[in-house]
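Counting in my numbering, the sequence shown runs from 23 upward without gaps.
Glycine included, every Cβ here is placed at the ideal spot set by N, Cα and C.
Taking it in order: structure first as structure tokens, then the write-up.
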Amino acid sequence: MAKQTAPDAQRPLPGVTVPGAAGAPIEFRGRRIPQLEILKALSRSGAGRGVVEIYKQEVLPIKTRTLRLIGRKCSARIIHTLLGYEVKASFKRIQCPDMVTARYVKLFTELGCRSIKLPYDPTVTARLIPELERAVESLLRGVSEMFDERTVAMYVARYLFTLIRAELR
Numbered sequence: 023m024a025k026q027t028a029p030d031a032q033r034p035l036p037g038v039t040v041p042g043a044a045g046a047p048i049e050f051r052g053r054r055i056p057q058l059e060i061l062k063a064l065s066r067s068g069a070g071r072g073v074v075e076i077y078k079q080e081v082l083p084i085k086t087r088t089l090r091l092i093g094r095k096c097s098a099r100i101i102h103t104l105l106g107y108e109v110k111a112s113f114k115r116i117q118c119p120d121m122v123t124a125r126y127v128k129l130f131t132e133l134g135c136r137s138i139k140l141p142y143d144p145t146v147t148a149r150l151i152p153e154l155e156r157a158v159e160s161l162l163r164g165v166s167e168m169f170d171e172r173t174v175a176m177y178v179a180r181y182l183f184t185l186i187r188a189e190l191r
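Laid out in structure tokens, this is it:
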């Protein structure tokens, strides 16, 4: 099978319009998807703050403990046990005392973080988790609205999660 090296061999990318950001189109340079511009546009256009802003403004200034996670993006499940809850991600199980902490750990596990800061005060976590979940859902919804093709939308979402992980470190 011959390898195609012509620039026309690439799949043409659809035009992208950012919803909510005054409908301003995002320019493609050399058929590359500008993920950083997409992340900035989605964080500006959405109602509320992004995951990174919430984490930096609300979690880092208070007293926290560090949790080591699996360090790669994978699906996670919350399991109810006799001693509380467990978040199961791939081969690792993380013990959690309550459902709010389990949801917090699950969210960052699904983002693919290697380690996170968990507030000692569970009321802070309970206040932040709905906003964090909304931020991730609005990011995924915005990407799926921008790109009609599912594979391109999944590629862009994975790369946006990579950018978020880099900012959370």
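Review point. So what does DSSP say about K85, is it helix, strand or coil?
Key: In the structure shown, K85 adopts coil according to DSSP, grouped into three states.
Point to revise | Separation of L104 from V74, as counted between CA atoms | key: Roughly 34 Å separates the two Cα atoms.
Exercise for review: Please classify S97: is it buried, with 16 or more other beta-carbons within 10 angstroms of its beta-carbon, or exposed?
Suggested key: Burial check for S97: the Cβ neighbour count within 10 Å stays below 16, so the residue is exposed.
Practice item. Take I60 as the anchor and find which of R156, G164, I151, V122 has the nearest alpha-carbon. Key: When the alpha-carbon of I60 is set against those of R156, G164, I151, V122, the nearest one is in G164.
Check your understanding: Hey, V122 and P141: beta-carbon distance below 8 Å or not?
Key -> Cβ distance not < 8 Å, so V122 and P141 don't count as in contact.
Practice item. Write down the C-beta distance between A111 and I92 rounded to the nearest angstrom, noting that I regard them as a contact closer than 8 Å. Key: With 8 Å as the limit, A111 and I92 qualify as a contact, their Cβ atoms being about 5 Å apart.
**Study point:** beta strand (DSSP E) segment containing I138, residue limits
**Key:** 137-141 is the extent of the beta strand (DSSP E) around I138.
Practice item. May I ask you to list the residues that DSSP assigns as paired with Q117? Key: Under DSSP, Q117 shares a beta bridge with E108.
Check your understanding: What is the C-beta distance between R71 and A188, in whole angstroms, given that I count them as a contact (C-beta under 8 Å)?
Key -> At roughly 18 Å, the Cβ-Cβ gap does not stay under 8 Å, so R71 and A188 are not in contact.
**Study point:** Helix, strand or coil at I92 [DSSP, three-state]
**Key:** I92 falls in the coil class under three-state DSSP.
**Study point:** Test item: CB-CB of L161 and L185 under 8 Å
**Key:** With contacts defined by Cβ atoms closer than 8 Å, L161 and L185 do not form a contacting pair.
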